[in-house]
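Chains as they are written, first to last, in my numbering: chain A, 224 to 338; chain B, 3 to 116. We treat Cβ as the ideally placed atom computed from N, Cα and C, and that holds for glycine. As the structure is a prediction and not an experimental result, all values here were calculated from the model. All remarks here apply to the structure that follows.
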């Protein structure tokens, strides 16, 4: 059981480039969540996805950010035209179910640095 | 809007001491509460999950309690060790129209000294 796998671990992008962050959930988990941790701040919810569906994207910035969780393959968080304020640690989590019995398992995160 | 507060923000104790970390939340309509540990530059490790119908959970030297009606949880660490040094985060799973998500506190940074 490899847990939640995120790659890359570290990503450096110049302003204006695109960043693609990948997350493979734990085996058997069909619920994926993305969180962002800005420097000196707590983790903030971004988006919740199930296979091929976005369930809740209330925490996603309205522009430049998008997420998907295709039928096959990992979940992708995509940031277009990155700016310095996007520099943060991005964490993915997965769960087997929802409700009070759904425990989250987090990945090790992708640390994005925009230069 | 759910808000989660953790007190203290930082704590430094000598090895062997028993300690309590506090977490409070403003909306009692939660599914569960989860305590995590985060080491510098690393991801989150789940420590304990308390369902809304439960009062406490124990794992080794850790004990977490939940008082949903008052919006409080405590994490008790017995006989602290230098390896316990990390940031401890509590998070509540909230009911939303779009599903469920965790709302995190800002954490307690713990340092256990030799």
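Q | Residue burial classification, residue 9/B (beta-carbon count within 10 angstroms, cutoff 16) | A | So residue 9/B counts as exposed.
Q: Would you check if the distance between the CB atom of residue 297/A and the CB atom of residue 247/A is smaller than 8 Å?
A: Between residue 297/A and residue 247/A, the C-beta spacing is below 8 Å.
(Q) Assuming residue 252/A is part of the beta strand (DSSP E), what are its boundary residues? (A) Careful: residue 252/A lies outside any beta strand (DSSP E) and carries neither H nor E.
Q | Which residues DSSP lists as bridging residue 56/B, in chain order | A | DSSP, once it has assigned bridges, lists no residue as partnering residue 56/B.
Q: List the residues of chain B that residue 327/A touches, going by C-beta distances under 9 Å, in chain order.
A: Against residue 327/A, the close residues of chain B are 36, 38, 46, 48, 51, 93, 95 and 104, in the order they occur along the chain (beta-carbon pairs closer than 9 Å).
Q. Between residue 110/B and chain A, is there a C-beta pair that is closer than 8 Å?
A. Proximity of residue 110/B to chain A, defined by a Cβ-Cβ separation below 8 Å, is not satisfied.
Q | Whole runs of the beta strand (DSSP E) within the region 266 to 298 of chain A, excluding any shorter than 3 residues | A | Runs of the beta strand (DSSP E) lying entirely within the region 266 to 298 of chain A, each at least 3 residues long, are 266 to 273, 276 to 279 and 288 to 291 in chain order.
Q | residue 24/B beta carbon less than 8 Å from that of residue 79/B | A | At least 8 Å separates the beta-carbon of residue 79/B from that of residue 24/B.
Q: Report buried or exposed for residue 254/A, applying the criterion of at least 16 other Cβ atoms within 10 angstroms of its Cβ.
A: So residue 254/A counts as buried.
Q) residue 107/B versus chain A: which residues are under 7 Å apart at the beta carbon? A) Residues of chain A whose Cβ lies closer than 7 Å to the Cβ of residue 107/B are, in chain order, 265.
Q | residue 69/B (DSSP reduced to helix, strand or coil) | A | Strand.
Q. Under a three-way DSSP split, which group does residue 84/B fall into?
A. Three-state result, residue 84/B: helix.
Q. Among 233/A, 251/A and 273/A, which residue has its Cα nearest to the Cα of residue 226/A?
A. Closest by alpha carbon: 251/A.
Q: Answer with yes or no whether the minimum CB distance from residue 251/A to chain B is below 8 Å.
A: No, no contact with chain B.
Q) Apart from the five residues on each side of it in sequence, which residues of its chain come closer than 6 Å, Cβ to Cβ, to residue 41/B? A) So the qualifying residues of the chain are 88.
Q: Identify the contact partners of residue 256/A in chain B, using a Cβ-Cβ distance below 7 Å as the criterion.
A: When 7 Å is used as the limit between beta carbons, residue 256/A is near these residues of chain B: 103, in chain order.
Q: Give me whichever residues DSSP pairs with residue 61/B in a beta bridge.
A: Answer by DSSP bridge pairing, in chain order: 64/B.
Q: Would you decide whether residue 116/B is buried or exposed? Buried here means 16 or more other CB atoms lie within 10 Å of its CB.
A: Its Cβ having fewer than 16 others within 10 Å, residue 116/B is exposed.
Q. So residue 228/A packs on residue 317/A, CB below 8 Å; how close in whole Å?
A. In this structure residue 228/A is not in contact with residue 317/A, their Cβ atoms being roughly 10 Å apart against a cut-off of 8 Å.
Q. How many angstroms separate the CA atom of residue 6/B from the CA atom of residue 50/B?
A. Distance between the alpha carbons of residue 6/B and residue 50/B is about 17 Å.
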